[in-house]
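In my numbering, the protein residues as written are 417 to 627.
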C-alpha cells in the first residue's frame, strides 16, 4: 500500500523531471538560435544577445537541477525499496521529495520568466527588422529621386546643346553674309559688257543698212 504509493509517486516525479530536462534542452537550443539572430542583428541585437545568454544559463541550470532532482528521486526510490529501514526514514525522504518538488516549481517559474524575456527580445528583433525595412524603402525612394534628377539634368544638357548648336549656325551665317556681299561689290565691273552690247547692235544696224 504505502510503499507502492511511494514508488508510484516517485515514478511520476521522474516523468516530470524528464519533461523538465527536455524543456531545458529545447530552451538551450532556442537560446543558441537567439544568440545567432542577435549576432546577425548587430548593434541593435546587443541587448537581445544578453537576454539570450541569460536564457541559456537558465536552461543549463534547469538541466543541472533536473538531473540533480532525478538523482534525488532515484535515491528516494532506492531507499523505499529497502523496506523497513526506508519506512523508518520515510518522513525524511518525503521532506527531500517535497524540497525537490519545490525546487522544480522554482525552476519552472524561472523558465516562465525567461520565456517572457525571450518574447520581449524577439519583439525587439522584429522592431529592428521593421526599422531596417523602413530604411531600405527610404533608400529606394532616394535612388528614384536621384534617377529622376539625373534624367532632368540630361534633358537640360540636351536643351543647352541644341541652343549652342543654333547659336553656332547663326554666327556662321552672319559671318558668311558680309563676305558674299563684298564679292558682289567687287565683281561689278560690268559696264564693259554693257558697252559691248551697243557695239553689237551697231553691227546689226550695219547689216540692216547693207540689206
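No residue lacks a Cβ here, since even glycine has one placed at the ideal position from N, Cα and C.
Going by the CB atoms, is the gap between residue j and residue i shorter than 9 angstroms?
{"i": "residue 468", "j": "residue 440", "result": "no"}
{"i": "residue 537", "j": "residue 475", "result": "no"}
{"i": "residue 436", "j": "residue 513", "result": "no"}
{"i": "residue 443", "j": "residue 466", "result": "no"}
{"i": "residue 463", "j": "residue 540", "result": "yes"}
{"i": "residue 478", "j": "residue 526", "result": "yes"}
{"i": "residue 423", "j": "residue 493", "result": "yes"}
{"i": "residue 430", "j": "residue 509", "result": "no"}
{"i": "residue 520", "j": "residue 433", "result": "yes"}
With DSSP as the reference, label residue i as helix, strand or coil.
{"i": "residue 606", "result": "A caution first: residue 606 carries a pLDDT of 47, below 50, which makes its placement in the model unreliable, though a value can still be read off. Residue 606: coil per DSSP, three-state reduction."}
{"i": "residue 426", "result": "helix"}
{"i": "residue 451", "result": "helix"}
{"i": "residue 435", "result": "helix"}
Are there three or more Cβ pairs, one per stretch, closer than 8 angstroms when the region 550-561 is compared with the region 474-494? no
Q) What are the complete beta strand (DSSP E) segments, minimum 3 residues, inside the region 497-570? A) none
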